[in-house]
Amino acid sequence: MPAATRYLGKPLKRKEDPRLIQGLAHYVDDIVLPGLHHAAILRSPYAHAQIRSVDVSKAQSAPGVVLVLTGADLRGSIGAVPCAAQIPDMKAAPRPVLAHDRVRFVGEGVAVVVATDRYAARDAIDLIEVDYEPLTPVVDPEKALEKGSTVLYDGYKDNVAYRWELEGGDLKAAFKKADKVIKQRLVNQRLIPVAMETRGVVAEYKPGERQLTLWSSTQIPHLLRTQIASMLDVPEHSVRVITPEVGGGFGSKLNVYVEEALLGYLAMRLGKPVKWIETRRENMQGTTHGRDQIDDVEVAFKRDGTILGLRIHVIADLGAYYQLLTPLIPTLTGLMASGCYKIPAIRTEIIGVLTNKMSTDAYRGAGRPEATYLVERALDLVAAELKNDPADLRRKNFPKLEDFPYATPTGIIYDSANYPRSLDLALKMSDYKKLRQEQAKARKQGRCVGIGLSTYVEICAMGPSSAMPAGGWESATVRIEPSGMINILTGASPHGQGQETSFAQLGAEILGLEPDDVNVIHGDTSIVPYGIGTFGSRGTAVGGVAAYQSLMKLREKLAALAGFLLGEDPSKLVFADMKIFSKFQPKKSLAFGEVVAAAYSAKTLPPNMEPGLDATSFYEPKNFTFPFGAHVCVVEIDTETGDVRLIKYVAVDDCGNVLNPLLVEGQVHGGIVQAFGQAMLEEAVYDEQGQLITGELMDYAIPRASDMPWMETGRTVTPSPVNPLGVKGVGEAGTIGATPALANAVADALAPFGVRHVDMPFKRERIWKLMQKGSRRAK
Amino acid sequence: MSAEIQVRVNGKSYESQIEPRLLLVHYLRDVLGLTGTHIGCETSLCGACTVLLDGKTVKSCTVLAVQASGSEITTIEGLSAQAPTNGNGLHPVQEAFWEKHGLQCGYCTPGMILASVELLRANPNPSQPEIRHALSGNLCRCTGYQHIVQAVEFAAKKMKSRKR
Amino acid sequence: MIPAPFEYAAPKTLEEALRLVERHGDEAKILAGGHSLLPLMKLRLAQPRYVIDIGRLRGMSYIREENGHIAIGALTTHAEIESSNLLRAKCPLLAETAAAIGDVQVRNRGTLGGNLAHADPAADYPAALLALDVEIVAASTAGARTIPVNEFFLDMLTTALRPGEILSQVRVTPLAAHTGAAYEKLPQPASGFAIVGVAARLRLGKGGKIEDAGVGVTGLGPKAFRAEAVEKALRGKKASDKIFTDAARYAAQGVEPLADLHASADYRREMASVYTRRALKRAFARAQGKA
Amino acid sequence: MKLSGQYSLPAPPAKVWALLTDPGRLAKLLPGCERLDPEGPDRFKAAVKFGIAAISGKYAGTLEFFEKKPPRSMRMRLSGKGLPGFVDGTGQVELAEKGGQTELRYSGEAQVGGMVAAVGQRMIEGAARKIVDEFFAAAAEELKKE
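Chains as they are written, first to last, in our numbering: chain A, -17 to 761; chain B, 72 to 235; chain C, 2 to 292; chain D, 15 to 160.
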């Protein structure tokens, strides 16, 4: 990061906000085109059934209806949903755009109606008659593995999608050496991402230009374009994807969805623009879910608290089909199973299982929250067993500062860290010692208070291309327009993260301008160079670095030109206050705009210099980055009802250098509250028949303002050596760090009831039952 | 079947022939083109579709447009006309959300701002628990709410100083 | 989510509304604020052929004292009840219960009459109205009749309203002297509806003797009900924590609790006791002029 | 969803049996039943309007009796679908004589899907119970008339 910090590291107000707070921004559903048609999709009410027949005749003749198509009609016309994850010996589970023979989860599309307005399209859905032959649904992933279970796909002998193993270190020796081994089964329940804006697509085809334009609420416009072109079998350059404002993603819009291809197809077939906006119910049923692992953990340790080894067995419920990264997500759990500890030996075995449910895929943290959760719970189980303070036990197992870059037995290299520093700060901010004293007092009064701690590390800035299915680089073009205004075109397409501001800060800092002089353009594949997308906390740590590189290229060119015009050594030039001037003779100075004008007028250029000011960079990171932190929280449980109340939260996060602390704080807050959702409230519940019974926000609770106490946030700064900005990424940190802290607090609160572990979500009844059992035992 | 309605939206009068089943939120968005009001959950839980109907917040996904006939409606687009602004065309609550980073993806924001406006009208000096309680009908998945709470506190201060 | 088509009428007078309701029978649904009916219609679980919007009827939204009781018009919103000075002074339980419904936006729009006529087994009002022993007025072309609230809720989503009747008013007796009342609720975390909600009213005599008690329970079973066994266990006794705990044990007597993903029958039953005790304790504190 | 219960009916098992297997009379007793047409031996096509208050929908489906052991026991299968969703269930009915009357026990399991399952979860069991109660109350009335 440049030494000067006129704008970098400053809490600038966001540039994107004025349009958002005035209702002037445009999300997909706000786009209206002349002659716009509307699509609605009929979805299966069965989790598993054979389609005998579909009768669309009544729907076809309903008022306003233009076209009705079934899965059978589309067979062979559109490719299946792409899956970018390749795991050896993985079974295929491709999802057709509409089901044609068998439906495999509640909410799978069976037919589509296009009508002249939204209401007519919806009405016609009710007129389609489908004859289903119900099949036994496979819902529980453990039962799905049993012999004799119904199999989802003909031709397969079981529902195992794949088996994956990762072992590092000598696990046998570790367990042999151990004084003790603790086993625990941990369930990381299935979650629904619930971005406030559901998904939506508008597709328009211009036959003359042979141009298909898709507006989609997505995190990955370029990947989407490539995949849609392939699914529709049209040349990639005839597809343009535009992401307008995106109302939250959290990983659920990091995908290629059937509706995106379907709408493209419909627009091409009809020659009319068509819009489809997902209902909330469709969103709950048919946008990717997250987590859903059963983790059996064995931890081997010495009496003095040294952790020697971890054996992890994961059953990952993948759902019925693969979406873009479905099979890959659980493997990240294996990669990050070391946590921020020096654990000599780790073995992770994963069984991916196919069930009659919606696919799981990336959801804020994607595999890493599961890893952190299981490691942090394991540490607390050991601490409880040894009657050690959880903070002391953690400190004992941290790698030393001189161990960095630290290679884990899972095969990755942590770039930089100072775990004790963040832990110390969190303990200090929370007044941890006093909390423990107060807890002891509360317990004497019969109150049920728990303190939870987590120290975490996560993997960000996804990532080196060698580790990423579609490449791990990011692109940016910087264009300095003839008037001196800057456009940064980034391949990373943000959706709430605030890069229009932080990248403008970067541009202003490097070129000595004001942030208002810098405009950030993203999310249009026809304008912006190819990018990978915004996910895995890579927007700034990869996308930002690409922008930095392009800015530096232009700075160099401007310096060369200004040096030529001023007769000064370019390396002695300073960019500040909208001027370029000599460091030692400030009078040798040109206005920024003058130099830019010279580059465009091209009358006096140094020999061999091209006119214009335009630079594109593709930044390939040499490693991931590894943000870390320490969280402390306090919960109190109502002993009569089991109601868990969070009463204190302290988070210390280290995401390396920071471009805009306001944005970082916002990401941390949001992440913690999403973790609170998983810990306390959220669970996608399918009944035994595979019906999603948390199918609306009336039954799927997400956190409200009134659920949360004040969160105190602190930060340490350990720059990453991986990239020139020293940034690490922060989009998922809060979620990764907070979930185990909350779980540890609840387990700690329940310890007097003889409870060692309780699975999330900590719903009142579950806690109440444990307390009842515990009190009875005590009596 | 169609019905006739007359409404005043953001100070402008409209007369429309509509289907009686047309939801107010669709009327505002699709008929009048006021797309600042968003649809989040459709079950009157998330508050993204909040508008002011005769000065009171309602969830416009659970009101028929015909029910609003004869009423005065304010959407996010018309909010700034409701209060003295700082010359930047923003209502103090809008300014406060900007100042305190009370939004990320922005989708819940129009509803959240209108709910805050109603809160401050009823209670110009709310405590943090009062703010959290008053906004419990508005869901936000990005911010973790803390900056929103700070924004409402900031707006309260600002509105008091402007009245003086 | 879009409702199925229907025919719409917005009568201007109660008489006109009653004639329409009579004419269309069970093909019609009455729309007041719409916060019970519209969600069902949007899910297309309800597809009435006619919707009779009584929201424009004049003179059906009021809270006033008449003939020794407080009369509340059926179209009075939850927000109006929550903020009514008259109710806060003379029957704060109703204001407190109204404030526990949904959220600000819902309370601005939902009406007392709509809520009661819908008879959701987890609605908040019924608990309070049962504890207060109110009367419900049903209008029809034949005239008005009053229904004691204890006879009003018949079953899940089913009331004693007859075809052709419109709920027009609720009559509440102001709380007597030395009376305290409270509503305590365990909300369903997503929807805010009551998993269990208990309203308690206690009138104290000399020496802390409980002269009268009214306890209404919602959320527990298919319909809200008056917990008569609890009331019986309280009447004539001297108020104490112990008597509240003992009496609260009867909260679920004779009721087969509902079960869903948010709470099992057993848990609901236990929570009925816990919340009954909490409501009783708070009602008692209030009867003593505390809290 | 699992349902079970028992009823006392004012007639001996033979008469109850006759009633339960007579589609014409069943159609009259089943709440909301609009049609019950024989489609084969022990198999009927049904059109039913199920629901309570505002929440109601029309379902079309089949009712089947099997493993009939008159007048002691039988199993039945019921499937229906309509706009609000579908119901597929099987059940067992057992009749026992007690002082000239019949003690009837039933138990069954049903799969409910679609919109009803997703949002009406809280109410389904109560509604089902109510429908069964209404049916047997009507059956008792009918038997009394004989």
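Glycine included, C-beta positions come from ideal geometry on N, C-alpha and C.
Report task. Alpha carbon to alpha carbon, how far is V133(A) from F87(A)? Give it in angstroms, no decimals. Result -> Working through the first sequence from its first residue, we reach residue 87(A) at position 105. Working through the first sequence from its first residue, we reach residue 133(A) at position 151. Rounded to the nearest angstrom, the two C-alpha atoms are 13 Å apart.
Query raised in the report: Residues of chain D with CB under 7 Å from Y28(A), in chain order?
Result: Counting from 1 along the first sequence, the entry for residue 28(A) is found at position 46. In chain order: G127.
Query raised in the report: Mind listing which residues of the stretch 146 to 164 of chain C have their C-beta closer than 9 Å to chain D's C-betas, in chain order?
Result: Taking 9 Å as the upper bound on Cβ-Cβ separation, chain D lies near residues D156, M157, L158, T159, T160 of the stretch 146 to 164 of chain C.
Query raised in the report: Which residue or residues does DSSP assign as beta-bridge partners of Y120(D)?
Result: Here residue 120(D) refers to the residue found at position 106 when the fourth sequence is read from its first residue. For Y120(D), DSSP records a beta bridge to G19(D), V107(D).
Requested in this report: Using a Cβ cut-off of 9 Å, pull out every chain A residue sitting near L109(D), in sequence order please.
Outcome: Numbered from 1 along the fourth sequence, position 95 holds the residue referred to as residue 109(D). Under the 9 Å cutoff, chain A gives no residues; its nearest Cβ is about 29 Å from L109(D).
Query raised in the report: Which residue or residues does DSSP assign as beta-bridge partners of S87(D)?
Result: Within the fourth sequence, residue 87(D) is the residue found at index 73, counting from 1. In DSSP, S87(D) forms a bridge with K83(D), E108(D).
Report task. Report the neighbours of L17(D) on chain A: residues whose CB is nearer than 7 Å to its CB, in chain order. Result -> For the purposes of this step, residue 17(D) is taken as residue 3 along the fourth sequence, with counting starting at 1. Ordered by position in chain A, no residue passes the 7 Å Cβ test against L17(D), which lies about 15 Å from the chain.
Query raised in the report: Along the chain, which unbroken stretches of the alpha helix (DSSP H) at least 4 residues long are found entirely within the stretch 347 to 384 of chain A?
Result: 350 to 368, 372 to 379
Requested in this report: May I ask which residues mark the beginning and end of the beta strand (DSSP E) holding R269(C)?
Outcome: Your numbering for residue 269(C) matches position 268 in the third sequence. No beta strand (DSSP E) holds R269(C); the alpha helix (DSSP H) holding it covers 266 to 288.
Query raised in the report: Under the DSSP definition of a beta bridge, which residues are partnered with T219(C)?
Result: As a working mapping, residue 219(C) is identified with position 218 in the third sequence. Paired residues: G198(C).
Query raised in the report: If we ignore side chains and look at the alpha-carbon of each, how far apart do P149(C) and V135(C) end up?
Result: Residue numbering aside, residue 149(C) sits at position 148 when the third sequence is read from its first letter. Residue numbering aside, residue 135(C) sits at position 134 when the third sequence is read from its first letter. Their Cα atoms are separated by approximately 6 Å.
Query raised in the report: From S484(A) to L(-6)(A), what distance separates their C-alpha atoms?
Result: Numbered from 1 along the first sequence, position 502 holds the residue referred to as residue 484(A). Numbered from 1 along the first sequence, position 12 holds the residue referred to as residue -6(A). Distance between the alpha carbons of S484(A) and L(-6)(A): 8 Å.
**Report entry** Contacting residues, own chain, Cβ-Cβ under 7 Å from S764(A) (five flanking each side not counted)
**Finding:** Only positions -17 to 761 of chain A appear in this structure, which leaves residue 764(A) out of reach.
Query - Cβ-heavy atom distance, L752(A) to the ligand ZN, below 7 Å - result: Looking at this structure, you won't find the ligand ZN or any other ligand, since it has none at all.
**Report entry** Closer than 7 Å at the beta carbon, the chain B residues around G652(A)
**Finding:** The residue you call residue 652(A) lines up with position 670 of the first sequence. Chain B residues near G652(A): Q175, C213, T214, G215.
Query raised in the report: Using CA coordinates, which residue listed in V105(C), A96(C), L94(C) is at the minimum distance from C117(B)?
Result: Position 46 of the second sequence, counted from the start, is the residue given in the question as residue 117(B). The residue with the shortest Cα to Cα distance from C117(B) is V105(C).
Query raised in the report: Who are the neighbours of Q32(A) on chain D, taking C-beta pairs under 9 Å?
Result: Numbered from 1 along the first sequence, position 50 holds the residue referred to as residue 32(A). Result: empty, since nearest Cβ-Cβ is about 14 Å, beyond 9 Å.
Query - Inter-stretch contact at 8 Å, needing at least 3 Cβ pairs: the stretch 151 to 164 of chain A / the stretch 274 to 291 of chain A - result: yes
**Report entry** Nearest residue (CA-CA) to P197(B), options C179(B), V102(B), A227(B)
**Finding:** Locating residue 197(B) in the second sequence gives position 126, counting from the first residue. Measuring from the Cα of P197(B), the nearest candidate turns out to be A227(B).
Report task. Look at the alpha carbon of L752(A) and the alpha carbon of E482(A), and state the distance between them as a whole number of angstroms. Result -> Residue numbering aside, residue 752(A) sits at position 770 when the first sequence is read from its first letter. Residue numbering aside, residue 482(A) sits at position 500 when the first sequence is read from its first letter. Distance between the alpha carbons of L752(A) and E482(A) is about 49 Å.
Report task. Would you kindly report the start and end of the unbroken beta strand (DSSP E) that includes F58(D)? Result -> Taking the fourth sequence and counting its residues from 1, one reaches residue 58(D) at position 44. Its beta strand (DSSP E) spans residues 57 to 66.
Report task. Measure from the alpha carbon of R329(A) to the alpha carbon of each residue in G696(A), A22(A), E149(A), then state which is nearest. Result -> Along the first sequence, read from residue 1 onward, the residue named residue 329(A) stands at position 347. Closest by alpha carbon: E149(A).
Query - Other residues of its chain near V500(A): CB distance less than 7 Å, five sequence neighbours each side excluded - result: By one-based count along the first sequence, residue 500(A) stands at place 518. The residues are I468, I470, A486, G489, A490.
Query raised in the report: With a cut-off of 8 Å, do at least 3 Cβ pairs link the stretch 81 to 90 of chain D to the stretch 26 to 36 of chain D?
Result: Result yes; three or more Cβ-Cβ pairs closer than 8 Å.
Query raised in the report: Which residues in the same chain have their Cβ closer than 6 Å to the Cβ of P203(A), if we skip the five residues on either side of it in sequence?
Result: In the first sequence, residue 203(A) corresponds to position 221, counting from 1. Around P203(A): V223, T225, S475, G505, T507.
Query raised in the report: How long is the line joining the alpha carbons of G229(A) and H70(C), rounded to whole angstroms?
Result: As a position in the first sequence, residue 229(A) is number 247, starting the count at 1. As a position in the third sequence, residue 70(C) is number 69, starting the count at 1. Answer to the nearest angstrom: the Cα atoms are 51 Å apart.
Query raised in the report: Which one of T214(B), L103(B), E86(B), S207(B) has the shortest CA to CA distance from Q479(A)?
Result: Counted from its first residue, the first sequence places residue 479(A) at position 497. Answer by Cα proximity: T214(B).
Query raised in the report: In chain order, which continuous runs of the beta strand (DSSP E) of length 3 or greater are located wholly inside the stretch 75 to 147 of chain A?
Result: Within the stretch 75 to 147 of chain A, the complete beta strand (DSSP E) runs of at least 3 residues are 91 to 97, 111 to 116.
Query raised in the report: Among residues of its own chain, excluding the 5 on either side of A544(A), which ones have a beta-carbon nearer than 8 Å to its beta-carbon?
Result: Working through the first sequence from its first residue, we reach residue 544(A) at position 562. For A544(A), where only same-chain residues beyond five positions count, the Cβ hits under 8 Å are E550, P552, L555, I562, L572, V577.
Query - Residues bridged to Y73(D) [DSSP beta-bridge criterion] - result: Translated into the one-based positions of the fourth sequence, residue 73(D) becomes position 59. DSSP, once it has assigned bridges, lists V62(D), G96(D) as partnering Y73(D).
Query raised in the report: Taking Cβ-Cβ distances shorter than 7 Å, what residues in chain D pair up with P116(A)?
Result: Taking the first sequence and counting its residues from 1, the one referred to as residue 116(A) is at position 134. Per Cβ cutoff of 7 Å: D102.
Report task. Answer with buried or exposed for H8(A), where buried requires no fewer than 16 other C-beta atoms within 10 angstroms of its C-beta. Result -> What you label residue 8(A) is simply residue 26 of the first sequence in a count that begins at 1. Under this definition H8(A) is an exposed residue.
Query raised in the report: Does DSSP classify N237(A) as helix, strand or coil?
Result: Residue 237(A) sits at position 255 when you count from the first residue of the first sequence. Reduced to three states, the DSSP call for N237(A) is coil.
Query raised in the report: Do Y251(C) and L187(C) have their C-beta atoms within less than 8 Å of each other?
Result: Here the question's residue 251(C) lines up with position 250 in the third sequence. Here the question's residue 187(C) lines up with position 186 in the third sequence. Here Y251(C) is not near L187(C), since their CB atoms are 8 Å or more apart.
Query raised in the report: Does the Cβ of H219(A) have 16 or more other Cβ atoms within 10 Å, making it buried, or fewer, making it exposed?
Result: Taking the first residue of the first sequence as 1, we reach residue 219(A) at position 237. With fewer than 16 other Cβ atoms within 10 Å, it is exposed.
**Report entry** Spatial neighbours of M693(A) in its chain, beta-carbon cut-off 7 Å, leaving aside the 5 residues before and after
**Finding:** Position 711 of the first sequence, counted from the start, is the residue given in the question as residue 693(A). Excluding positions up to five away in sequence, the list reads Y631, A633, H651, I654.
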